[in-house]
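For the sequence shown, our numbering assigns the number 1194 to the initial residue and increments by one for each residue that follows.
Where a beta carbon is used, it is the ideal one built from N, C-alpha and C, also for glycine.
Structure, as structure tokens:
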Amino acid sequence: MSFLEDLPKPFFVLAPMDDVTDTVFRQIVADCAKPDLMYTEFVNVDGLQSPGREHLLPKLKLTGKEKPVIAQLWGLNPENFYKSTKDLIEMGYDGVDLNMGCPVKTVIKNGACAALINSRELAGDIIDATKDAAGDALPVSVKTRVGFTTVDMSWIEFLLTKILNMLSIHGRTAKEMSKVPANWDLIGQAAELRNSLSPSTLIVGNGDALNRRQGLELAEKYQLDGIMIGRGILHDPFALAAESPWADWDKRQKLELFAKHIELFIKTYENHERKFEPLRKFCKLYINGFDGASELRAQFMETKTPQQALELLT
Ligand SMILES: Cc1cc2nc3c(=O)[nH]c(=O)nc-3n(C[C@H](O)[C@H](O)[C@H](O)COP(=O)(O)O)c2cc1C
1194 MSFLEDLPKP
1204 FFVLAPMDDV
1214 TDTVFRQIVA
1224 DCAKPDLMYT
1234 EFVNVDGLQS
1244 PGREHLLPKL
1254 KLTGKEKPVI
1264 AQLWGLNPEN
1274 FYKSTKDLIE
1284 MGYDGVDLNM
1294 GCPVKTVIKN
1304 GACAALINSR
1314 ELAGDIIDAT
1324 KDAAGDALPV
1334 SVKTRVGFTT
1344 VDMSWIEFLL
1354 TKILNMLSIH
1364 GRTAKEMSKV
1374 PANWDLIGQA
1384 AELRNSLSPS
1394 TLIVGNGDAL
1404 NRRQGLELAE
1414 KYQLDGIMIG
1424 RGILHDPFAL
1434 AAESPWADWD
1444 KRQKLELFAK
1454 HIELFIKTYE
1464 NHERKFEPLR
1474 KFCKLYINGF
1484 DGASELRAQF
1494 METKTPQQAL
1504 ELLT
């Protein structure tokens, strides 16, 4: 039994997004409309267990306000997954997720993430090492896609034989990147496979669901336990709310929320542990939908430090 079984059905999950879902943004989302579950960015275990560890630790900052939070790991060495899972238990995480879906070239050329779809023995060793380390302390989940170059449901079957606590499925192959619409029929098929192969594994669908309303329809249609939303939150920080007020928010309200985000960023990373550049990703979210937004965005892009950005907004 894990806390995942106590979540409402369907439950709503904020997807792992690199340079987006750090502790700061998770706290902002928690204040707007808190999802049932949130993820960290992906964190490389081989880096975490090397002298470069210090550079990765900021990605694993966590406050009680965001919980429950699952940390997502990626990498190649099963022993490093074991050690990193032990680290997550100490840090107070609520679960550990294994990234077997990221299709980015620099990552898959070494055989990690989505490339594990073609490397079942290593994928199995990574899952086994993580489960060993997690024991009863943390639920173990995998986030993946429906195949590498072509749809391959034997991959989903393989993962279901590993008796995971949860399996999140992005309804595209790795080759498709994000270029075609997500195929939810395949996610529905995975849920049916689950019923026979591993009834205790929760199935979470992911891909193109923008908000709670769309997610509810998909969960019902495909009989899913949970819905994961990624880019939707970059259009509306209240995407997980039953009713979002975002469309009615005016310029002042949006800029105040952006300023709160930046202030928290400055406070959280007071030793400049994180670069300013990724904050720019949030420009389109907050500086949008009011007169003069595009001019203000252009000015924002000229700022070089969080302090300068804050001065511009306040
Ligand atoms: C900026 C960005 C960063 C991402 N980083 C990760 C990541 O670290 N780990 C991961 O499993 N998926 C990552 N993804 C993929 C998302 O979690 C999600 O699977 C994908 O965006 C599809 O869902 P959506 O249509 O709701 O956005 C990322 C996506 C985006 C847009």
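Q: Tell me whether R1467 is buried or exposed, calling it buried when 16 or more other Cβ atoms sit within 10 Å of its Cβ.
A: As a first step, residue 1467 must be located in the sequence shown, where it is residue number 274. Buried: at least 16 other Cβ atoms inside 10 Å.
**Q.** For I1396 and A1208, believed in contact at Cβ under 8 angstroms, the rounded distance
**A.** Within the sequence shown, the letter at position 15 stands for residue 1208. Within the sequence shown, the letter at position 203 stands for residue 1396. The pair is not a contact, with the Cβ atoms about 15 angstroms apart (cut-off 8 angstroms).
**Q.** Straight-line gap, A1384 to L1353 (C-alpha atoms, nearest Å)
**A.** Counting from one through the sequence shown, the residue named residue 1384 turns up at place 191. Counting from one through the sequence shown, the residue named residue 1353 turns up at place 160. For the pair A1384 and L1353, the Cα-to-Cα distance works out to about 10 angstroms.
Q.
Excluding the 5 residues flanking G1285 on each side, which residues of the same chain have their C-beta closer than 7 angstroms to its C-beta?
A. The residue you call residue 1285 lines up with position 92 of the sequence shown. Spatial neighbours of G1285 in its own chain (CB-CB distance under 7 angstroms, excluding positions within 5 residues in sequence) are listed in chain order as L1255.
**Q.** Cβ-based burial, L1489 [other Cβ within 10 Å; buried from 16]
**A.** Here residue 1489 refers to the residue found at position 296 when the sequence shown is read from its first residue. So L1489 counts as buried.
Q.
Per DSSP, what are the beta-bridge partners of I1263 in this structure?
A. Residue mapping note: residue 1263 aligns to position 70 of the sequence shown, counting from 1. BP columns for I1263 point to Y1232 and G1288.
**Q.** L1211: CB within 7 angstroms of a non-hydrogen atom of ligand 1
**A.** As a working mapping, residue 1211 is identified with position 18 in the sequence shown. According to the sequence shown, residue 1211 is Asp rather than Leu. Remark: the shortest separation between the CB of D1211 and any heavy atom of ligand 1 falls under 7 angstroms.
Q. Grouping DSSP H, G and I as helix and E and B as strand, with all else coil, what is N1388?
A. Stepping through the sequence shown from its first residue, residue 1388 is reached at position 195. Looking at N1388 - three-state DSSP - the assignment turns out to be helix.
Q) So is the beta-carbon of F1431 under 7 angstroms away from any non-hydrogen atom of ligand 1? A) Within the sequence shown, the letter at position 238 stands for residue 1431. Not one heavy atom of ligand 1 lies closer than 7 angstroms to the C-beta of F1431.
Q.
Considering Cα atoms alone, identify which of V1206, P1201, A1491 and D1199 is closest to L1403.
A. In the sequence shown, counting from the first residue as 1, residue 1403 sits at position 210. Scanning V1206, P1201, A1491 and D1199 for the CA closest to the CA of L1403 turns up V1206.
Q) Hey, does L1253 have any beta-carbon neighbour from chain C nearer than 8 angstroms? A) Of the chains in the structure shown, none is chain C; there is only one protein chain.
Q: Could you tell me the boundaries of the alpha helix (DSSP H) in which H1454 lies?
A: On the sequence shown, residue 1454 is found 261 positions in, with the first residue counted as 1. Per DSSP, H1454 belongs to the alpha helix (DSSP H) from K1444 to T1461.
Q | Per-residue burial, P1438 [other beta carbons within 10 Å of its own, 16 or more giving buried] | A | On the sequence shown, position 245 is the one that residue 1438 refers to. So P1438 counts as exposed.
(Q) Counting C-beta neighbours from all protein chains within 10 Å, is the total for L1331 16 or more, i.e. buried, or is it exposed? (A) Taking the first residue of the sequence shown as 1, we reach residue 1331 at position 138. By the Cβ-count criterion, L1331 is buried, with 16 or more other Cβ atoms from all chains shown falling within 10 Å of its own Cβ.
Q.
So the candidates are D1429, D1484, V1289 and F1218; which of them puts its Cα closest to the Cα of T1461?
A. In the sequence shown, counting from the first residue as 1, residue 1461 sits at position 268. Residue F1218 holds the alpha-carbon nearest to the alpha-carbon of T1461 among D1429, D1484, V1289 and F1218.
Q) Ordered along the chain, which non-local residues of its own chain (more than five positions away) have a Cβ less than 7 angstroms from that of T1216? A) In the sequence shown, counting from the first residue as 1, residue 1216 sits at position 23. Cβ neighbours of T1216 beyond the five flanking positions: K1254, L1255, T1256, E1259 and T1461.
Q) Would you say F1235 touches ligand 1, meaning its beta carbon is less than 7 angstroms from a heavy atom? A) Translated into positions along the sequence shown, residue 1235 becomes position 42. Judged by the Cβ position, F1235 qualifies as a neighbour of ligand 1 at the 7 angstroms threshold, a heavy atom of the ligand being closer than this.
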